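Here is the structure we will look at.
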Ligand SMILES: Nc1ncnc2c1ncn2[C@@H]1O[C@H](COP(=O)(O)OP(=O)(O)OP(=O)(O)O)[C@@H](O)[C@H]1O
Ligand SMILES: [Mg+2]
């Protein structure tokens with residue numbers, strides 16, 4: 344049996360008096376990509392933010408438990424959890440738009456300086472970020488900002504990377520680039536990936552956990568879920584046409600909007 348990095352059990356969360364998570368439970372094994380899926384507003388980001396101690400002021404965990412390497416981290420301060428070795432690329436990317444690319448990367452270094460090998464990896468994965476080191480992050484494209492958000496998670500010796508909807512709102516050509524970058528990152532570290540794009544899931548995910556209305560309604564091998572079109576349609580509310588037949592994310596040539 345593979346050990347888990349993260350274990351979530353019976354997690355209930357209230358925000359502003361509303362029950363948002365109704366008892367979420369799943370594991371993030373120490374290898375591969377675990378996809379957290381589900382329609383808009385089902386509680387994916389709330390789950391991630393609960394793990395990281397990043398609920399809003401009017402939000403709280405009312406029941407359940409989160410572990411990291413078997414240690415109880417429920418309600419642990421964010422900085423303490425992050426120091427255990429968690430890299431996080433948030434839903435809004437969290438890039439400092441008025442700072443340069445280089446400054447954004449420097450700020451992401453924890454506990455002293457990142458090593459040469461951290462930057463070598465970043466520049467190998469994202470050559471654009473080296474070329475644009477002195478450019479203000481706010482002037483980057485959406486895809487480049489997403490690459491920067493992912494790059495920041497690679498500057499520390501992390502044990503786990505959490506990425507929240509990295510391909511949201513990106514043109515298909517850029518989705519392809521980000522997916523390829525994530526595929527290479529996933530070769531280095533286990534990942535909890537919040538994602539709704541099934542083509543991206545098909546390329547990256549080993550396991551799939553599907554939320555609906557604050558509950559886990561499915562978990563298992565990603566390939567098994569994707570192969571079951573009825574189930575995918577029921578759980579994710581997507582039309583049959585949206586389910587990719589191939590393992591590729593569409594090429595730019597196939598999409599006139601990019
Ligand atoms: N700060 C908040 N205040 C009030 N309600 C919130 C807050 N954050 C989230 N919610 C509510 O919690 C529910 C789950 O939201 P969450 O952002 O976790 O969903 P999600 O699955 O990440 O959705 P999306 O795919 O749109 O990112 C939604 O109904 C949302 O309106
Ligand atoms: Mg979200």
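Numbering (our numbering), first residue to last: 344 to 601. All C-beta atoms in this analysis are idealised placements derived from N, C-alpha and C, irrespective of residue type, glycine included. Just so it is clear, the structure is predicted and the values come from calculations on it, not from any experiment.
Bounding residues of the beta strand (DSSP E) (the contiguous stretch that carries residue i)
{"i": "residue 410", "result": "402-411"}
{"i": "residue 559", "result": "558-564"}
{"i": "residue 507", "result": "503-507"}
{"i": "residue 363", "result": "361-372"}
Residue i and residue j closer than 8 Å at C-beta
{"i": "residue 532", "j": "residue 501", "result": "yes"}
{"i": "residue 411", "j": "residue 390", "result": "no"}
{"i": "residue 548", "j": "residue 536", "result": "yes"}
{"i": "residue 380", "j": "residue 573", "result": "no"}
{"i": "residue 488", "j": "residue 436", "result": "yes"}
{"i": "residue 354", "j": "residue 407", "result": "yes"}
{"i": "residue 358", "j": "residue 420", "result": "no"}
{"i": "residue 578", "j": "residue 560", "result": "yes"}
C-alpha distance - residue i paired with residue j, whole-angstrom precision
{"i": "residue 497", "j": "residue 504", "result": "9 Å"}
{"i": "residue 348", "j": "residue 475", "result": "34 Å"}
{"i": "residue 467", "j": "residue 446", "result": "18 Å"}
{"i": "residue 356", "j": "residue 484", "result": "35 Å"}
{"i": "residue 527", "j": "residue 563", "result": "23 Å"}
Reference residue i; option with closest CA among the options
{"i": "residue 506", "options": "568, 387, 576, 367", "result": "387"}
{"i": "residue 402", "options": "415, 392, 550", "result": "392"}
{"i": "residue 492", "options": "515, 465, 516, 543", "result": "465"}
{"i": "residue 374", "options": "550, 571, 562, 577", "result": "550"}
{"i": "residue 494", "options": "541, 562, 444", "result": "444"}
{"i": "residue 378", "options": "360, 490, 553", "result": "553"}
Burial state of residue i (16 or more Cβ within 10 Å)
{"i": "residue 451", "result": "buried"}
Residue span of the alpha helix (DSSP H) that contains residue i, given as start and end
{"i": "residue 478", "result": "Unbroken run through residue 478: none, as it is neither H nor E."}
{"i": "residue 525", "result": "515-529"}
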